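Q: Just so you know, we're using my numbering here: the sequence shown kicks off at 9 and counts up by one. Glycine residues also receive a C-beta, built at the ideal position from the N, C-alpha and C atoms. Everything numeric in this text was worked out from a predicted model, so none of it was measured. This is the structure, below, for whatever I ask next.
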Amino acid sequence: EFFVMPADLYKARPDLVNCGRTLFGKLPTRHQQGDLNYFQPIPGRVQELLDIAQAEMLKIGCPMAVKHNEVAPGQHEMSPVFRTANVSCDSNVCFMEVMNREAAKLGLQVLFHEKPFAGINGSGKHANWSVGTDTGFNFFYPGKTEDGAKLYVTAIACLAYGLAQYNEMVRCTVAHAGNDHRLGAQEAPPAIISLYPGQGFEAFVESICAGGDLLGYKAEKKKQETGCSAAMHIEANVEDRNRTAPFPFCGNRF
């Protein structure tokens with residue numbers, strides 16, 4: 009996630025240039041009250057920038073997965089395709105370099121600071137990740153066989169134990185000024201390191217603690233209410249958005 013703004017306005021703000029974020033200012037009358045910016049068309053010059061960046065990334069072997077607005081005004085998101093961890097890290101760094109280079113040609117400036125403006129959403133740097141084998145086993149996929157189910161339960165047990173033992177170290181990996189400005193509220197998880205694999209799995213763990221079998225967990229779909237009496241409930245994945253915990257479960261990864 010990132011903000012895009014005219015380069016001349018960026019250069020007129022010493023705080024943005026030197027700190028990456030504003031140190032003073034006032035919110036405009038219309039900002040993100042209704043969270044509607046997400047659904048608006050991407051501004052023309054920004055769309056041009058995103059298209060160019062997508063093409064440039066493809067030239068270096070990095071296809072991009074998504075390209076859309078975010079909730080705050082002037083905020084957008086692009087994501088490299090989910091790949092091997094070290095390749096994904098390189099892809100993200102390359103993407104930020106490409107964006108800044110191409111934005112300058114269009115008279116734009118891209119802000120990658122996690123909280124460049126107070127009072128509106130900051131920009132997350134979400135890392136979707138899982139662990140697997142070179143033979144195709146994903147430790148965090150519930151699986152359709154008994155072996156897959158056992159692997160899944162064991163992997164999450166290990167992950168939960170690791171977070172309980174080393175939560176302070178994990179917290180330190182994201183404990184820098186930029187990120188701490190945006191933790192909490194409606195835009196980011198709290199600063200407390202916790203694991204959230206979903207209510208269904210939580211109930212399954214409680215049954216094991218009560219003496220139940222290790223097998224038997226099924227990642228069943230849930231029905232999401234729309235809030236509209238004229239619309240049917242929508243089938244949703246068994247997962248949590250990244251608000252409840254820094255480690256939300258996303259179906260086959262965290």
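Using a Cβ distance threshold of 8 Å, determine whether the region 65 to 81 contacts the region 108 to 118, with at least three qualifying pairs required.
A: Contact fails: fewer than three Cβ-Cβ distances are below 8 Å.
Q: List in chain order: all unbroken beta strand (DSSP E) runs of 3+ residues lying wholly within the region 47 to 104.
A: With a minimum length of 3 residues, the continuous beta strand (DSSP E) runs that stay inside the region 47 to 104 are 72 to 77, 83 to 88.
Q: Answer with buried or exposed for H84, where buried requires no fewer than 16 other C-beta atoms within 10 angstroms of its C-beta.
A: As a first step, residue 84 is located in the sequence shown; it is residue number 76 there, counting from the start. Under this definition H84 is a buried residue.
Q: Looking at the structure shown, is Q40 part of a helix, part of a strand, or coil, going by DSSP?
A: Against the sequence shown, residue 40 aligns to sequence position 32. Coil, per DSSP.
Q: Helix, strand or coil for I242, going by three-state DSSP, please let me know.
A: Counting from one through the sequence shown, the residue named residue 242 turns up at place 234. If DSSP states are grouped into helix, strand and coil, I242 belongs with the strands.
Q: I'd like to check one pair, V178 with L171: are the Cβ atoms closer than 8 Å?
A: Residue 171 sits at position 163 when you count from the first residue of the sequence shown. Residue 178 sits at position 170 when you count from the first residue of the sequence shown. It is a contact, given that the beta carbons lie within the stated cut-off.
Q: Tell me which residues share the same chain as G151 and place their Cβ nearer than 6 Å to its Cβ, disregarding the 5 neighbours each side in the sequence.
A: Reading the sequence shown from its first residue, position 143 is the one you call residue 151. Here the set comprises A157, Y160.
Q: Nearest by alpha-carbon distance to A211: which of G224, I201, E176 is it?
A: As a first step, residue 211 is located in the sequence shown; it is residue number 203 there, counting from the start. The option with the nearest alpha carbon to A211 is G224.
Q: According to the neighbour-count rule (16 or more other Cβ atoms, all chains shown, within 10 Å of its Cβ), is P197 buried or exposed?
A: Taking the sequence shown and counting its residues from 1, one reaches residue 197 at position 189. Buried, by the Cβ-count rule.
Q: Taking the CB atoms as reference points, tell me whether F11 and G127 lie closer together than 8 Å.
A: Indexing the sequence shown from 1 puts residue 11 at position 3. Indexing the sequence shown from 1 puts residue 127 at position 119. Cβ atoms of F11 and G127: not closer than 8 Å.
Q: Output the distance between the C-alpha atoms of P14 and R190, rounded to the nearest integer angstrom.
A: Numbered from 1 along the sequence shown, position 6 holds the residue referred to as residue 14. Numbered from 1 along the sequence shown, position 182 holds the residue referred to as residue 190. Taking the straight line joining both Cα atoms gives about 24 Å.
Q: Applying the criterion that 16 or more other CB atoms from any shown protein chain within 10 Å of the CB defines a buried residue, is V95 buried or exposed?
A: The residue given as residue 95 occupies position 87 in the sequence shown. Burial call: exposed.
Q: Decide yes or no for the touch test of the region 86 to 95 against the region 40 to 47: beta carbon pairs closer than 8 Å, at least 3 of them.
A: No, the region 86 to 95 is not in contact with the region 40 to 47.
Q: What are the start and end residues of each continuous beta strand (DSSP E) run of 3 or more residues lying completely inside the region 161 to 241, in chain order?
A: Runs found: 230 to 232.
Q: Taking buried to mean at least 16 other C-beta atoms within 10 Å of its own C-beta, is E243 buried or exposed?
A: Position 235 of the sequence shown, counted from the start, is the residue given in the question as residue 243. Flag for E243 reads exposed.
Q: Tell me the rounded alpha-carbon separation between Y149 and G140.
A: Stepping through the sequence shown from its first residue, residue 149 is reached at position 141. Stepping through the sequence shown from its first residue, residue 140 is reached at position 132. Y149 and G140: Cα-Cα distance of roughly 9 Å.
Q: Identify the continuous beta strand (DSSP E) that holds L116 and give its terminal residues.
A: On the sequence shown, residue 116 is found 108 positions in, with the first residue counted as 1. From DSSP, the beta strand (DSSP E) with L116 extends over 116 to 119.
Q: With distances taken between CB atoms, is the gap from A38 to T30 smaller than 8 Å?
A: Within the sequence shown, numbered from 1, the residue matching residue 38 stands at position 30. Within the sequence shown, numbered from 1, the residue matching residue 30 stands at position 22. Note that residue 38 is Arg in the sequence shown here, rather than Ala. No, the Cβ-Cβ distance between R38 and T30 is not below 8 Å.
Q: Straight-line CA distance for N77 to C217?
A: For this step, residue 77 is matched to residue 69 along the sequence shown. For this step, residue 217 is matched to residue 209 along the sequence shown. Spanning the two alpha carbons is a distance of roughly 44 Å.
Q: For chain D, check one thing: does any of its Cβ atoms lie closer than 8 Å to the Cβ of H39?
A: The chain labelled as chain D is not found in the depicted structure, where only one protein chain is given.
Q: Judging by CA-CA distance, which residue of A80, V54, F103 is the nearest neighbour of L66?
A: Your numbering for residue 66 matches position 58 in the sequence shown. Among A80, V54, F103, the Cα nearest to that of L66 belongs to F103.
Q: Taking DSSP as the reference, what is the three-state secondary structure of G28?
A: The residue labelled residue 28 in the question sits at position 20 within the sequence shown. In this structure, G28 counts as coil in the three-state DSSP scheme.
Q: If the criterion is Cβ atoms closer than 8 Å, does the pair Y204 and A165 meet it?
A: Within the sequence shown, residue 204 is the residue found at index 196, counting from 1. Within the sequence shown, residue 165 is the residue found at index 157, counting from 1. Contact flag unset, no.
Q: Any idea what DSSP makes of G144, helix, strand or coil?
A: Working through the sequence shown from its first residue, we reach residue 144 at position 136. In this structure, G144 counts as coil in the three-state DSSP scheme.
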